[in-house]
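Going by numbering that gives the first Met the number 0, the sequence shown opens with residue 0, and the numbers climb by one from there.
Here a beta-carbon is modelled for each residue, glycine too, at the ideal position from N, C-alpha and C.
All of these numbers come straight from a predicted model, not from anything done at the bench.
Quick notes on the structure that follows.
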Amino acid sequence: MNASPLCGIIFDWHGVLDETTYRGFSNFMGLITGRPPDEIRAVVSPQERLYVAGRLLSPEAFWAFLQRTLQLNNEQLARARDHLLTVRLHQPLWEKIPSLARRFRLGILSDCPADKRAMIRAMMDLSAFAAVAFSCDYGYGKDTDAFFMDLCTRLSCPPAACLYVDDTGGHIATATRLGFRTHLFRSAADFARCLSGFP
Numbered sequence: 000m001n002a003s004p005l006c007g008i009i010f011d012w013h014g015v016l017d018e019t020t021y022r023g024f025s026n027f028m029g030l031i032t033g034r035p036p037d038e039i040r041a042v043v044s045p046q047e048r049l050y051v052a053g054r055l056l057s058p059e060a061f062w063a064f065l066q067r068t069l070q071l072n073n074e075q076l077a078r079a080r081d082h083l084l085t086v087r088l089h090q091p092l093w094e095k096i097p098s099l100a101r102r103f104r105l106g107i108l109s110d111c112p113a114d115k116r117a118m119i120r121a122m123m124d125l126s127a128f129a130a131v132a133f134s135c136d137y138g139y140g141k142d143t144d145a146f147f148m149d150l151c152t153r154l155s156c157p158p159a160a161c162l163y164v165d166d167t168g169g170h171i172a173t174a175t176r177l178g179f180r181t182h183l184f185r186s187a188a189d190f191a192r193c194l195s196g197f198p
């Protein structure tokens, strides 16, 4: 049992609140191009990071780069955009959000490009979340400590009183180093078991 109470819970978007992931996108691109996903990740990841940061590479420039580099026809490009930009809610977790919002200050911290952010904002009521941070609004993402710390400030919760939930081990390691409590997300049921350990 963790001794001190939680003030806030910060959720990643891709892979936690949304079932779409960047790794899954590379796998999907492998299916439609016939190229190994690891090869696609190696080629795309540097530009993908700029795209996600928002201020460094526009969505239009990213998709043009992807089409040119992977030699996609227009139909393949449309399928790629649809795969990455579609919001696929992790429903078992979303069902818990209203009750969690009554107990904790909730936040979202996401490496998220501007065109995906627009889709989320158009589709979703995020009023249960006290603070939402998309990397495209900052010009940097989870590779920068300030991205994590700014959201803590906005939640009025210190890292030690926040539970950070992400599906990526590297991001969990960063949050742990910064003093957050952390949970490596695998399922809503697993998250519920983790949360039961806090007062």
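C-alpha distance - residue i paired with residue j, whole-angstrom precision
{"i": "F61", "j": "F24", "result": "14 Å"}
{"i": "E18", "j": "F64", "result": "25 Å"}
{"i": "D110", "j": "L5", "result": "24 Å"}
{"i": "I107", "j": "D37", "result": "28 Å"}
{"i": "R80", "j": "T20", "result": "13 Å"}
{"i": "S155", "j": "L105", "result": "11 Å"}
{"i": "R78", "j": "H182", "result": "32 Å"}
{"i": "F146", "j": "Q75", "result": "34 Å"}
{"i": "R116", "j": "F133", "result": "7 Å"}
{"i": "F184", "j": "R67", "result": "35 Å"}
{"i": "M0", "j": "L194", "result": "Residue confidence is low: M0 scores 43 on pLDDT, short of 50, so the model does not pin down where it sits. No coordinate-derived value is stated."}
{"i": "T173", "j": "W93", "result": "25 Å"}
For residue i, the three-state DSSP class (helix, strand or coil)
{"i": "G106", "result": "strand"}
{"i": "D114", "result": "helix"}
{"i": "V51", "result": "helix"}
{"i": "G7", "result": "strand"}
{"i": "H170", "result": "helix"}
{"i": "D124", "result": "coil"}
{"i": "M0", "result": "Note that M0 scores 43 on pLDDT, short of 50, meaning its location in the model is unreliable; the coordinates nonetheless yield the value given after this. M0: coil per DSSP, three-state reduction."}
{"i": "T175", "result": "helix"}
CA nearest to the CA of residue i, picked from the options
{"i": "D124", "options": "C6, L16, E47, I171", "result": "L16"}
{"i": "C161", "options": "L177, G168, Y137, T167", "result": "L177"}
{"i": "P97", "options": "D37, K115, A129, D114", "result": "A129"}
{"i": "L30", "options": "L55, P157, L69, R120", "result": "L69"}
{"i": "N73", "options": "D166, T32, E47", "result": "T32"}
{"i": "V86", "options": "I119, F103, E59, S57", "result": "I119"}
{"i": "L84", "options": "F27, T143, H170", "result": "F27"}
CB-CB length for residue i against residue j, believed under 8 Å
{"i": "A100", "j": "A127", "result": "4 Å"}
{"i": "A187", "j": "H89", "result": "7 Å"}
Per-residue burial, residue i [other beta carbons within 10 Å of its own, 16 or more giving buried]
{"i": "T175", "result": "exposed"}
{"i": "K141", "result": "buried"}
{"i": "P198", "result": "exposed"}
{"i": "R192", "result": "exposed"}
{"i": "A41", "result": "exposed"}
{"i": "P199", "result": "Residue 199 is absent from the structure shown; the chain starts at 0 and stops at 198."}
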